[in-house]
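One line per chain: the protein sequences are A and B, in this order.
Sequential numbering from 1 applies to the first sequence in my numbering.
Sequential numbering from 1001 applies to the second sequence in my numbering.
We put the CB at the ideal spot given by N, CA and C, even for glycine.
Here the structure is a predicted model, which is why all the values come from computation and not from measurement.
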Amino acid sequence: MKFLSFKGGIHPPESKKATESLSIETARDPQKVIIPLHQHIGAPCQPVVKVKDHVKVGQMVGEAQGFVSAPIHSSVSGEVKEVAVRAIGGGREAVCVVIESDGKFEVHESVVSPGDYKLMESSEITKVIQEAGIVGMGGATFPTHVKLSPPAEKPIDTVIINGAECEPYLTADHRLMIESSGEIVEGLLIIMKAVGAEKGYIAIENNKPDAITTMLQAVSETPGIQVVSLQTKYPQGAEKQLIDACTGRQVPSGGLPMDSGVVVNNIGTAFQIAHSFRTGMPLVDRITTVTGTCISEPKNLRVRIGTSVADLIEQCGGYKETPGKLILGGPMMGIAQEMDEIPVGKGTSGILAFNENEAIIPDPVNCIRCGKCIDVCPIHLMPLMISENALKERMDEAEKYHAMDCIECGSCSYICPSKRPLVHSIRVAKSSIMAKKRQEKK
Amino acid sequence: MDQKLIVSSSPHIRDESSVQKVMSDVVIALLPATIGAVYFFRTRALILILIAVITAVMAEAVMQKLRKQPVTISDMSAVVTGLLIALNITAASAWWIPMIGSAFAIVVVKQLFGGLGKNFMNPALAARILLTLSWTGRMTEWITPGADAVSTATPLSFVKGQMMVPGNAPSLFDSFVGNIGGCMGETSALLLLLGGLYLIYRNVIAIRIPLIYIGTVAALTLIYSGFNFHYMAYHVVSGGLMIGAIFMATDYASSPVTSEGRIIFAFGCGLLTTVIRLFGGFNEGVGFSILLMNVATPLIERYTVPAIYGEVKKQHA
């Protein structure tokens, strides 16, 4: 079997052994959930419930504002205790609906299957996905219905389901592929119908041979769908690299996957779409991998949105040594947290606890111009040049070196023998360039 | 939870490589040639090597103290420079030759331009050129390997101005293993190649630069001599070509960072080396060639910025 890939990339230690063969467990029922009303890219939701309201599972608690937004639903049944600003992780705060569970998990009346997607128009399918509050569950949390609504002049012929899971440590998608392959294939078919694509790919890194076998069996009788084995390499699961590997197409600089006729969705998203079509249940839970050196018993957990991260860590036996760093997401692109009293959101693909030693930030020394950052950059940028210019506040120069094309995968910082904060300085350059552009527009 | 968590931007894991590891790899790669130098030229080689390395490291520490910067001699980069300087001088050198060379390389070429990674020329090569131009006689006083250490000539001096290898020249085999006169570390192509293989295996250098550099010299001397393979091989294993192509043209700081740029750089080095050797006033041209290409590096880099993923071709109206 030929393994597809892209040019560049790195091979960090996979660190998946602890959880890759553990079945998904359902997390303990939370006593209380804190559901942020901003769990997606786009405008925050407006609360539609108030304190003392009784809510049920699947009931909408936050209404989407505008097209690029996604509604938010309750993950438990019980009483609304608070609608207030709370910390939601990553140093951010948002209005949250705090619900005390009554432990009954009564399902709301609005939760009914929307019917057979095969009989639906594409716009009807998209509407179901929109109302189910589905967003990109790999971590980006971009509203899925927006992705599935390309303008008429940009026809989509290919849908890729991203099962690369190239971030070290994470195994949530891996387990989902093994345990729910049928739903994932169905999710893919629904997306293909929604965008009118004829070709579907399920792309998986070759470090998950069991997932590849399971998915191959699941698609054996479905024409138009192909399971693709990818070389295990980070960032194989980045949209642009995945499209390149599967189709040989490149997304034009500054463009979106739809500009090359492709839509990419995460495994978790595909599963959730099928689940919402079968049961009518909106996105109220997700799979997340709780792992890292500090976790006593790493697990893959099915978690209700709004459950406290601290609770989940406790269910995994708690911290076995003093944690130095807590990360939501993977170690390459995840976000370090200042505390564990934060809720799990729609994009929480993993919870990693590193020990104090792993948390040490290395001291940078001079760039030795080894060029490794150029070799590994999946976009073929010159990270050292962008970074050098950014640090000297020459943002125009940084832009000339295509700072805006950086996908912030962090491969350059990972490989740098001088431990320079490459991707960090490029992020600074990007936001500075964008701020300048916004000002020029005014 | 009351303990403090560290918050920093991603990525949260780093490769285990470090400048120290990279530089240590270069030192390890130079060990065969270093040991070879001591084997061929005995105690005098050992003393010169120690003087060069100690001077380089001390010069770095003193300069960093003066510049009020953290002292980074543990990164091993000064050791590499000192070692290269020692391997680039004749075993007949006076003790102060490597001392001046190392001090010049570290103080002027490296630290005055900003330290590690900021030197636009290879410090060891710049030192070699300085020494050769200042003390030409002493720097070209070649001796035979072994305890006798009598005066001799380098293999390249035999082929200078010739289109074939003269009968009285040292044998190709002696030149390959290093049983000849020349700079301490240049003489054995074999030992340098061993080091080069190690660097490639450790992913410190790409095979491209030495391969293209040496290949260019080989191709051009082959054509020049009317396809005399013996002549070509003689040029390839003699003089500073191996140490230059493997250890100096691959210097990160003074060669292009782009892969296309590195190809142009290596080809330029090979072309200039051959032209100087065949038509120039010197027997050897490796040092000058690499320094000239060092100077051209920013220009080469500017024209070899890689095309990015999904680059939209500029529309010409």
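Whole-angstrom distance between residue j and residue i, CA atom to CA atom
{"i": "A/M256", "j": "A/P421", "result": "In the sequence as presented, Met is not what sits at residue 256 of chain A; that position holds Leu. If I take the Cα positions, the gap works out to 27 Å."}
{"i": "A/G8", "j": "A/G248", "result": "15 Å"}
{"i": "A/E100", "j": "A/I287", "result": "22 Å"}
{"i": "A/E79", "j": "A/V263", "result": "39 Å"}
{"i": "A/K346", "j": "B/M1023", "result": "46 Å"}
{"i": "A/I204", "j": "A/G237", "result": "9 Å"}
{"i": "A/S276", "j": "A/I24", "result": "19 Å"}
{"i": "B/Q1315", "j": "A/D157", "result": "With a pLDDT of only 39 at B/Q1315, under the threshold of 50, the placement of this residue in the model should not be trusted, and no figure is reported."}
{"i": "B/M1170", "j": "B/G1280", "result": "Here residue 1170 of chain B turns out to be Pro, not Met, going by the sequence shown. If I take the Cα positions, the gap works out to 22 Å."}
{"i": "A/G163", "j": "A/A353", "result": "24 Å"}
{"i": "A/T222", "j": "A/I184", "result": "12 Å"}
{"i": "B/G1114", "j": "B/M1121", "result": "12 Å"}
{"i": "A/V423", "j": "A/R92", "result": "21 Å"}
{"i": "B/M1242", "j": "B/V1236", "result": "8 Å"}
{"i": "B/A1317", "j": "A/G254", "result": "Confidence in B/A1317 is poor, its pLDDT being 35 and thus under 50, which makes the residue's placement too unreliable to answer from."}
{"i": "A/G103", "j": "A/S75", "result": "11 Å"}
{"i": "A/Q46", "j": "A/M395", "result": "37 Å"}
{"i": "B/A1103", "j": "B/E1186", "result": "21 Å"}
{"i": "A/K240", "j": "B/E1301", "result": "26 Å"}
Given residue i as reference, the closest of the options once Cα atoms are compared
{"i": "A/I368", "options": "B/L1083, B/V1257, B/I1047", "result": "B/V1257"}
{"i": "B/A1189", "options": "B/L1005, B/H1012, B/L1030, B/D1251", "result": "B/L1030"}
{"i": "A/C416", "options": "A/A336, A/T232, A/K372", "result": "A/K372"}
{"i": "B/W1142", "options": "B/L1271, B/A1206, B/S1157", "result": "B/S1157"}
{"i": "B/T1273", "options": "B/V1007, B/I1263, B/M1293", "result": "B/M1293"}
{"i": "A/S113", "options": "A/L381, A/I295, A/M281", "result": "A/M281"}
{"i": "B/D1251", "options": "B/K1160, B/L1112, B/I1205", "result": "B/I1205"}
{"i": "B/L1083", "options": "B/I1049, B/M1248, B/E1186", "result": "B/I1049"}
{"i": "A/C409", "options": "A/I134, A/T293, A/G133, A/G334", "result": "A/G334"}
{"i": "A/I125", "options": "A/I273, A/V303, A/T291, A/I379", "result": "A/I273"}
{"i": "A/L148", "options": "A/C316, A/A270, A/E338", "result": "A/A270"}
Under 9 Å by beta carbon: chain B residues contacting residue i
{"i": "A/V251", "result": "Y1309, G1310"}
Where residue i meets chain B, residues with beta-carbon distance less than 8 Å
{"i": "A/V446", "result": "Because chain A spans 1 through 442 in this model, residue 446 of chain A falls outside it and cannot be assessed."}
{"i": "A/H73", "result": "Neighbours of A/H73 on chain B: none; closest Cβ ~29 Å, over 8 Å."}
{"i": "A/I24", "result": "Simply none; closest approach about 25 Å."}
{"i": "A/E338", "result": "L1005, V1007"}
Cutoff 8 Å: residue i Cβ touching any chain A Cβ
{"i": "B/V1295", "result": "no"}
{"i": "B/L1005", "result": "yes"}
{"i": "B/T1304", "result": "no"}
{"i": "B/P1011", "result": "yes"}
{"i": "B/Y1213", "result": "no"}
{"i": "B/S1008", "result": "yes"}
{"i": "B/V1165", "result": "no"}
{"i": "B/T1250", "result": "no"}
{"i": "B/T1258", "result": "yes"}
{"i": "B/H1316", "result": "Reliability of the predicted coordinates at B/H1316 is poor, the pLDDT of 40 falling under 50, and no value is obtained from them."}
{"i": "B/V1159", "result": "no"}
{"i": "B/V1217", "result": "no"}
Interface partners of residue i on chain A, CB under 7 Å
{"i": "B/D1015", "result": "Y414, I415"}
{"i": "B/V1150", "result": "Those do not exist, as B/V1150 stays about 42 Å from chain A at its closest Cβ, beyond 7 Å."}
Contact with chain B by residue i, beta-carbon distance below 8 Å
{"i": "A/S276", "result": "no"}
{"i": "A/P378", "result": "yes"}
{"i": "A/L256", "result": "no"}
{"i": "A/R427", "result": "yes"}
{"i": "A/H461", "result": "No information on residue 461 of chain A is available, as it lies outside the stretch 1 to 442 that chain A covers here."}
{"i": "A/H174", "result": "no"}
{"i": "A/D405", "result": "yes"}
{"i": "A/K240", "result": "yes"}
{"i": "A/G410", "result": "yes"}
Residues that residue i contacts on chain A, provided the C-beta gap is smaller than 8 Å
{"i": "B/P1123", "result": "Within chain A, no residue comes near B/P1123; the closest Cβ sits about 13 Å away, beyond 8 Å."}
{"i": "B/A1029", "result": "What B/A1029 touches in chain A: nothing, since even the nearest Cβ is about 15 Å away."}
{"i": "B/V1026", "result": "Those within 8 Å of B/V1026 in chain A number zero; the least Cβ separation is about 11 Å."}
Which residues DSSP lists as bridging residue i, in chain order
{"i": "A/S308", "result": "A/P343"}
{"i": "A/S229", "result": "A/I204"}
{"i": "A/F354", "result": "A/K325"}
{"i": "B/V1217", "result": "DSSP, once it has assigned bridges, lists no residue as partnering B/V1217."}
{"i": "B/C1183", "result": "B/T1090"}
{"i": "A/N266", "result": "A/N162"}
{"i": "A/K199", "result": "A/T158"}
8 Å Cβ cut-off: residues of chain C touching residue i
{"i": "B/A1253", "result": "The structure shown contains no chain C; its protein chains are A and B."}
Contact list for residue i against chain B, beta-carbon separation under 7 Å
{"i": "A/L326", "result": "L1005"}
{"i": "A/S418", "result": "V1019"}
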